[in-house]
Amino acid sequence: MTRLARFERAVLPYLDAAYNLARWLTRNDQDAQDVVQEAMLRALRYFDSLRDADARGWLLAIVRNTGYTWLEKNRPAELLAYDEASANVEESAALWGAADSNPEVIVLQSAQRKLVAQALEELPLAFREMIVLRELEDLSYKDIARIAGVPIGTVMSRLARGREILRRTLESRMRKAS
Amino acid sequence: MSPKNESPAEPIVARDAPYYTAPPGLSERVRARLATEALRDRDPSRWQPYAIAASLLLVSLVSWNAALWHERSSVDASALDEAVDAHVRSLATPARLTDVVSSDQHTVKPWFIGKVDLAPPVTDFASAGFALAGGRLDYLEGRPAAALVYRHNAHVVNVFISSLRERGESAPVVSTRKGYAVARWRGGGLAFEAVGDISTTDMGVLVELMRKAPS
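In structure tokens form, the structure reads like this:
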């Protein structure tokens, strides 16, 4: 089997996962497609570094890196917001426990898809990517930490803070809607 | 991937958000670009339009290579000089010393994914006096290299790892250069250059730890 054929067999099954992450990072279909194409080329170039590692996590790490490079070039303002967000999150780790098993959450699970999607899109990048990887991609904290290159504690605190912001946004919107 | 089971009571707020699947045609476009990219390295006819430019380049390359051939013995020396310079640069800008700050090899190793064309062996040797402080992307001889940062007491050691074009092993050589202890060795398709203001004995210890560590 050629190198390309091996690559396609190992990596292309995760095209949807790659696109979903790129779509949530860029919040735009065409930009997401550009990021995916670029990420796939990079992935082919670095295919030898995959070895026996998990191909989905490996690919998502490359998509994320490519997405950040793209944002740096095209929408640097979003990355500034990212710095402020990450500066504040470390202290919010305490929210992790507070947000657990909140009955309101169950109500929110049935919220309209459109409201949820909109609120998630508005979430600052650093929190948005954590929630996408965790709740849409079903990854473990450990895998997310590897993909994003941050400690597991940071993954947990950003997830907690992201969920808290999302929950508040949804609550206030649903109150307005009803 | 392990299933998501860290916290059964974890609140779920975004399950109703859409999972965007790849739009129609993206798979075909990706395949087409991958095929083009794969051909680029193999198909010589692709380069025919550039033949004239290439032959001009060849002249300069041949003379450059000839010069290199004569200076073969100093190639290792210049690589070590570059490693020492990169080490000094990294100390001059503490913020740039570690792009990924972690003593956890499982955080540092994957950080390099998609940034360099190799998977560097990353092990923390804190119990032996060399604590992993993190890593960053650096450049040696114009090529990206993975730089691992170790702390030995108050001293910083940079280990630069780059991929070798041809496979080959070479035993470590420890020496000093511009007042720094330096070491250079090759193994497993990788070239290693270590630099630090530590004693050559300590450098020898780190080299042995790295060579014995599983990759």
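Residue numbers (our numbering), protein chains in the order written: chain A, 1 to 178; chain B, 1001 to 1215. All C-beta atoms, glycine included, are put in the ideal place defined by N, C-alpha and C.
Distance between beta carbons of residue j and residue i, contact taken as under 8 Å
i, j, result
"R146(A)", "A61(A)", "7 Å"
"A1266(B)", "E1193(B)", "Past the boundaries of the shown model lies residue 1266(B); chain B is included only from 1001 to 1215, so the question cannot be answered."
"V1013(B)", "R27(A)", "In fact, because the Cβ distance is near 18 Å, the residues do not count as touching under 8 Å."
Sub-8 Å separation of residue i and residue j beta-carbons
i, j, result
"L1080(B)", "V1182(B)", "yes"
"L170(A)", "I131(A)", "no"
"L120(A)", "R128(A)", "yes"
"A32(A)", "Y14(A)", "no"
"F1112(B)", "G1135(B)", "yes"
"P1023(B)", "D29(A)", "yes"
"D1117(B)", "S1103(B)", "no"
"D16(A)", "T1021(B)", "yes"
"R1031(B)", "Q37(A)", "no"
"A1035(B)", "L4(A)", "yes"
Residue of the options minimising C-alpha distance to residue i
i, options, result
"L1140(B)", "F1130(B), V1122(B), L1164(B)", "L1164(B)"
"I144(A)", "R56(A), L79(A), N28(A), S49(A)", "R56(A)"
"I1033(B)", "E8(A), Q30(A), E72(A), L50(A)", "In the sequence on display, residue 1033(B) carries Arg and not Ile. The residue with the shortest Cα to Cα distance from R1033(B) is E8(A)."
"A1038(B)", "R161(A), Y46(A), I152(A), W24(A)", "Y46(A)"
"L1190(B)", "D1197(B), G1179(B), V1159(B)", "V1159(B)"
"T1107(B)", "S49(A), K142(A), D16(A)", "K142(A)"
"A22(A)", "N65(A), D138(A), R6(A), D54(A)", "N65(A)"
"D1138(B)", "G1196(B), R1089(B), P1024(B)", "R1089(B)"
"A1133(B)", "I1012(B), P1018(B), V1100(B)", "V1100(B)"
"L1097(B)", "D1117(B), D1085(B), V1149(B)", "V1149(B)"
"D48(A)", "G1114(B), W1185(B), S1127(B), A1147(B)", "G1114(B)"
"R51(A)", "R6(A), Q37(A), I165(A)", "R6(A)"
"A1126(B)", "S1027(B), E1169(B), P1024(B), V1205(B)", "V1205(B)"
"S1162(B)", "S1027(B), A1145(B), S1170(B)", "A1145(B)"
"R113(A)", "V1116(B), H1087(B), D1124(B), P1018(B)", "P1018(B)"
"Q118(A)", "L166(A), R134(A), N74(A)", "L166(A)"
"K1178(B)", "A1095(B), S1078(B), S1170(B), S1027(B)", "S1078(B)"
"R75(A)", "L133(A), L25(A), I152(A), R168(A)", "L25(A)"
"V35(A)", "P1214(B), L1026(B), R1015(B)", "L1026(B)"
Residues near residue i by beta carbon distance below 8 Å, same chain, minus five either side
i, result
"L115(A)", "L170, R173, M174, A177"
"T1200(B)", "V1174, S1175, T1176, A1181"
"L79(A)", "Y68, L71, E72, L125"
"R1211(B)", "P1172, W1185, G1187"
"L1209(B)", "T1123, F1125, A1128, F1130"
"A1147(B)", "A1086, S1090, G1135, R1136, L1137, D1138, N1158, V1159, F1160, I1161"
In DSSP terms, what residue i is bridged to
i, result
"E1193(B)", "F1160(B), R1184(B)"
"T1176(B)", "A1181(B)"
"P1144(B)", "Y1139(B)"
"S172(A)", "Per DSSP, none; premise fails for S172(A)."
"R9(A)", "Paired residues: none, contrary to the question."
"F1125(B)", "F1130(B)"
"R1151(B)", "A1131(B), V1156(B)"
"S1170(B)", "R1186(B)"
"V150(A)", "Note: V150(A) sits in no beta bridge, so no partner."
"V1101(B)", "G1134(B)"
Spatial neighbours of residue i in its chain, beta-carbon cut-off 7 Å, leaving aside the 5 residues before and after
i, result
"A43(A)", "V11, L59, I62"
"G1129(B)", "H1152"
"R1167(B)", "G1189"
Same chain, Cβ closer than 6 Å to residue i, neighbours up to 5 away in sequence not counted
i, result
"V1122(B)", "Q1105, V1108, K1109"
"D1197(B)", "H1155, Y1180"
"V1207(B)", "P1172, A1183"
"I152(A)", "Y141, A145"
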